[in-house]
Each structure stands twice: as C-alpha cells, then as structure tokens.
Ligand code: SF4
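In the numbering used here, the protein residues as written are 294 to 576.
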C-alpha cells in the first residue's frame with residue numbers, strides 16, 4: 294500500500310448526476326485503503342476515476358492541506374448558491390491513515406467555523422464516533438447526516454474478501470451516533486445477500502434514524518449496473534448460489550420489508566433517498 298502526502302489546490306468539487314441535490318463532493322483522500330476489502334469489490338470509485346491505472350486499494354494520496362483550502366473554496370463556491378457537501382464520493386473519510394493524519398478531523402474543525410449549508414458524511418467505518426464533538430457542533434449550524442454503509446448482515450459472503458469492519462460494528466456505531474443526537478443513516482447499498490432480512494430490519498430500526506437502500510442495477514451511476522458487472526460482483530454472487538440477489542426484484546422486496554418495520558417515512562430508495570439527505574435542515 295503506497296501512501297503519499299499531497300497538497301491540493303481545491304477541495305470542493307462540483308457534483309451532479311446521481312447526487313444531484315448535492316452541490317459538491319469532498320474527498321480528503323484520493324484512493325482508498327479499503328479497496329481490497331469486501332466493499333471494494335463493488336466500489337464504483339475506480340470506475341469514476343477512469344484515468345486511474347493503479348490497482349484500487351493499492352495507493353492512497355492524503356490531501357494534507359485540505360482544511361486550509363476549504364474556507365477559501367467555501368467562500369468562492371457560496372457565491373454560486375448553497376453549498377451542500379457529500380463527503381466522500383470516491384474515498385472513505387475514515388481510512389486507517391486518518392487516525393494519524395487527521396485530515397477529516399481538521400476539515401470538520403474548519404466546518405465548525407465555516408459551516409456549509411448541508412453536510413453528509415458517508416463511511417464504511419465506525420470512524421465518526423471519534424468526531425462526535427465536532428459533528429454535533431456542525432449539526433447546530435447546518436443540516437448534518439452521518440451515513441454508515443451496512444450493505445449486508447452477513448459476516449462473510451463466499452467468494453468475496455473480508456469486510457473492513459463487521460456489519461455489527463457498523464450498526465453499533467450508528468446506534469451511538471443516533472444516541473448522540475445526530476441523524477444516523479444506515480446505507481444498505483449496494484444491497485448484498487442478507488442472511489435474515491427481518492432481523493436486520495429490526496436492528497436497523499433500533500440503530501438508525503433512517504435507512505437508504507439501493508441496488509447496483511439502478512444505483513451505481515451506470516446503465517443497468519454496467520460498472521458493477523465490470524467489477525465482477527454479480528458473477529461472484531451467482532457462483533456462490535446467491536444469484537437471486539442480483540435481480541432488481543429483491544430491492545423492492547427488501548424496501549417493502551424495511552418500510553413495514555421502520556415506517557415508510559424512514560426508508561429512502563436509491564437516488565431519491567440519497568438526495569433527500571442533502572435537503573435536511575438544521576435541528
Ligand atoms: S470504503 Fe468506500 S471508497 Fe473505499 S473501497 Fe469501500 S466503497 Fe470504495
């Protein structure tokens with residue numbers, strides 16, 4: 294794993310497409326240390342970074358001056374309209390190197406002083422637990438949602454690498470984020486084979502303020518899940534005898550189950566669910 298510290302010239306990237314309600318994405322790192330774990334198999338980031346030739350999960354560039362650049366970017370971009378940030382679209386703000394480099398933490402400190410209009414912090418880790426003080430401070434100034442991806446309740450899926458963090462660890466993080474008074478959003482995306490959908494729905498109900506569920510066939514930003522198919526996930530699931538989960542019908546069945554357990558207002562589906570998070574107001 295190659296880790297390199299770099300200087301960035303800007304940190305807010307105008308966005309659109311799938312994340313149309315967000316104005317900007319913010320990626321404190323380029324590359325992702327979790328690229329060789331389970332989530333990396335279906336990760337669309339290397340497909341988005343098309344020019345990238347390095348193996349996904351083999352490198353990380355840390356934008357060490359991100360917090361210094363952010364206030365200037367915010368001031369400039371605000372002249373164009375509200376700044377609604379999705380952090381992060383092509384990396385994880387809590388890669389293991391964050392414990393040492395604290396780029397995400399310093400960005401959150403900068404946001405306390407210079408809040409955007411909305412912030413969605415999205416991760417595959419319990420990392421936000423270490424930044425609850427800052428997230429609460431930002432939450433008082435703008436709409437904040439903390440999204441933790443939990444794409445399955447299975448500890449392992451045959452043919453796929455291990456999770457970076459077990460599903461239960463991430464659910465417990467969501468529970469503690471919710472107790473801290475923040476919006477704790479469980480992101481079941483891309484939906485992977487579930488062992489016990491009903492028990493999973495009940496656990497999400499307990500741990501999350503809301504849930505977003507999505508399927509790669511409509512949610513990976515390409516036509517009919519071409520990006521995910523290129524990365525080989527559907528073929529692995531078929532080989533494992535879990536091919537039923539590669540059909541779009543399971544998304545509707547699981548969404549229906551989640552709605553029956555959590556209530557329809559707490560369940561968002563695909564792009565609509567993600568984009569609703571950009572429009573939340575401060576408490
Ligand atoms: S943590 Fe996110 S960005 Fe990193 S490999 Fe997994 S899905 Fe991709």
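Note that CB positions come from ideal geometry on N, CA and C, so glycine has one too. Just so it is clear, the structure is predicted and the values come from calculations on it, not from any experiment.
Alpha helix (DSSP H) segment containing residue i, residue limits
i           : result
residue 432 : 425-432
residue 549 : 542-555
N-terminal and C-terminal residue of the beta strand (DSSP E) that residue i is part of
i           : result
residue 249 : Only positions 294 to 576 of the chain appear in the structure, and residue 249 is not among them; the question remains open.
residue 307 : 305-307
Own chain residues within Cβ distance below 6 angstroms of residue i, not counting five before or after
i           : result
residue 521 : 335, 509 and 513
residue 511 : 563
residue 589 : The first residue shown for the chain is 294 and the last is 576, placing residue 589 beyond what the model contains.
residue 282 : Examination of residue 282 is not possible in this model, given that the chain is present from 294 through 576 alone.
Exposure label - residue i; buried when at least 16 CB within 10 Å
i           : result
residue 377 : buried
residue 294 : exposed
residue 546 : exposed
residue 471 : buried
residue 444 : buried
residue 397 : buried
residue 303 : exposed
residue 466 : buried
residue 480 : buried
Identity of the residues DSSP links to residue i by a beta bridge
i           : result
residue 440 : 415 and 478
residue 356 : 299
residue 322 : 355
residue 504 : 479 and 560
residue 456 : DSSP output for residue 456 lists no bridge partner at all.
residue 317 : 307 and 378
Own chain partners of residue i with C-beta closer than 8 angstroms, once the 5 adjacent residues on each side are dropped
i           : result
residue 624 : With the chain covering 294 to 576 only, the question about residue 624 has no answer from this structure.
Neighbourhood of residue i by C-beta distance below 7 angstroms, restricted to the same chain and skipping five residues each side
i           : result
residue 496 : 464
residue 578 : The chain is shown from 294 up to 576; residue 578 falls before or after that span and cannot be answered.
Problem set entry | Three or more C-beta pairs below 8 angstroms linking the region 370-389 and the region 310-329 | yes
Exercise. Are the region 479-497 and the region 444-453 touching by the rule of at least three beta carbon pairs closer than 8 angstroms?
Worked result: yes
For this session: Would you check if the region 494-506 and the region 463-477 touch, i.e. whether three or more CB-CB distances between them fall below 8 angstroms?
Result: yes
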